[in-house]
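Presented below is the structure to which this report refers.
Below, the structure written as structure tokens:
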């Protein structure tokens, strides 16, 4: 069994036929829809969100077919729904006992910042390395104009001066790597490029370390996520690394549209008013509110549903043992699907 097969089986075990296999595909690749984000929370899969952004649908289908052929999956009544067999459950549990999921991965919260940080960091290191040798012409490792502009501006404005940048950056990275770093630093360092040095690809690094490629990928992410978590907790100790993420890191990760809705809710505008102001459907604003309730445990839902009705919905969901909306609505009078979704969002893993 490969690491990715084990990841897919764990995801399917958690959704337990309540969603299609493509809900897992959207989650792993990071589709920014309210439904996918809600599923990530409800099924306790937020850590895996967007951890495989390059996974192709055809590849995913091939993995599903293989797992089915190996009797790890049983097909449901619908062709796009599968259930993990007893054999599949034992297989992936045994796999993760031998090779646990890295502990610092927080996909939903950190992946957007991680992707940008890595691009900025690799180009900054390459630039600093060439500056030491007074070389101004080289082929940049990152070709994204926004990344190039960011690094150029950082180099121009760095208070320590270009001559100190390499030493300061090395010191910060050395501190990170030598203080409870959860992985072998080589899995990150090997991929860095500099003067007369071309970094390895992920596949090449995995081969050198004797790791299956997907396992290497998750360990690589684990290292980067650890860096971000450490830096955001000790910003003053890592000024350069902090500058790589300060404009993109969000303690509560909202989409831009959801954040705008959140701002208007804080000004006491109603769903109807916000929809009119923004030229959006009420259902879209409701999706935003669901996303907010999932991400921010301090967000009050009392203005949308009374506590007695919320408790009733929660009790029914627990009794039914599922999060499907229609069976719940059939047992509670005079409530909307939005209110059910809101209660389930707030209850999260407790339902």
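Residue numbers (full-length UniProt numbering): 1 to 351.
Heads up, the beta-carbon is just placed ideally off N, CA and C, and yes, glycines get one too.
All figures in this text were calculated on a predicted structure; none of them were measured in a lab.
Under a Cβ-count criterion, where at least 16 other Cβ atoms within 10 Å of its own Cβ denotes burial, should residue i be classed as buried or exposed?
i, result
"residue 90", "exposed"
"residue 245", "buried"
"residue 212", "exposed"
"residue 344", "buried"
"residue 349", "Only weak support exists for where residue 349 lies, its pLDDT of 49 falling under 50; the value from the coordinates is given anyway. With fewer than 16 Cβ atoms within 10 Å of its Cβ, residue 349 is classed as exposed."
"residue 277", "exposed"
"residue 173", "buried"
"residue 328", "buried"
"residue 23", "buried"
"residue 351", "Residue placement at residue 351 is flagged as unreliable, the pLDDT there being 41, under the threshold of 50; the coordinate-derived value follows with that caveat. Classification of residue 351: buried, given that the 10 Å Cβ count is 16 or more."
"residue 338", "buried"
"residue 56", "exposed"
"residue 210", "exposed"
"residue 106", "buried"
"residue 333", "exposed"
"residue 237", "exposed"
"residue 320", "exposed"
"residue 205", "buried"
"residue 38", "buried"
"residue 36", "buried"
"residue 81", "buried"
"residue 361", "The structure shown has nothing for residue 361, since the chain only spans 1 to 351."
"residue 186", "exposed"
Which one of the options has the shortest CA to CA distance from residue i?
i, options, result
"residue 21", "61, 107 and 51", "61"
"residue 291", "25, 46, 7 and 15", "46"
"residue 331", "55, 316 and 78", "316"
"residue 221", "240, 188 and 196", "188"
"residue 190", "200, 183 and 182", "200"
"residue 124", "243, 53 and 59", "243"
"residue 305", "65, 318, 9 and 289", "289"
"residue 323", "43, 23 and 31", "43"
"residue 100", "182, 121 and 65", "182"
"residue 293", "313, 166, 135 and 258", "258"
"residue 28", "7, 283 and 15", "7"
"residue 145", "120, 165 and 299", "120"
"residue 255", "3, 229 and 31", "31"
"residue 283", "318, 261, 207 and 117", "261"
"residue 26", "96, 53, 3 and 2", "53"
"residue 356", "98, 79, 167 and 143", "The question about residue 356 has no answer here: the residues shown for the chain are numbered 1 through 351."
"residue 139", "84, 198 and 247", "198"
"residue 133", "171, 300 and 196", "196"
"residue 151", "58, 127, 159 and 171", "127"
"residue 66", "321, 184, 1 and 307", "1"
"residue 341", "310, 247 and 229", "310"
"residue 301", "279, 280, 281 and 347", "347"
"residue 308", "149, 335 and 64", "335"
"residue 179", "231, 85 and 36", "231"
"residue 247", "116, 85 and 202", "116"
"residue 297", "314, 281, 252 and 313", "252"
"residue 184", "102, 235 and 229", "102"
"residue 3", "94, 235 and 14", "94"
Tell me whether the beta-carbon of residue i lies closer than 8 Å to the beta-carbon of residue j.
i, j, result
"residue 111", "residue 51", "yes"
"residue 227", "residue 147", "no"
"residue 194", "residue 129", "yes"
"residue 49", "residue 12", "no"
"residue 75", "residue 68", "yes"
"residue 162", "residue 155", "yes"
"residue 122", "residue 141", "yes"
"residue 87", "residue 104", "no"
"residue 325", "residue 240", "no"
"residue 192", "residue 118", "no"
Rounded to the nearest angstrom, how far is the Cβ of residue i from that of residue j, given a contact under 8 Å?
i, j, result
"residue 18", "residue 92", "Actually they do not touch by this definition, with Cβ atoms about 19 Å apart."
"residue 357", "residue 274", "Outside the displayed span of the chain (1 to 351) sits residue 357, for which this structure offers no information."
"residue 113", "residue 249", "5 Å"
"residue 83", "residue 16", "7 Å"
Is any heavy atom of the ligand SAM found at a distance shorter than 7 Å from the C-beta of residue i?
i, result
"residue 261", "Of ligands this structure carries none, so the ligand SAM is not represented either."
Consider the Cβ of residue i: report whether some Cβ of chain C lies at a distance smaller than 8 Å.
i, result
"residue 237", "Looking for chain C here will not work: only one protein chain is present."
Review point. Counting pairs of beta carbons, one from the stretch 256-275 and one from the stretch 207-218, are three or more of them closer than 8 Å?
Key: The stretch 256-275, when compared against the stretch 207-218, does not touch it at the 8 Å Cβ threshold.
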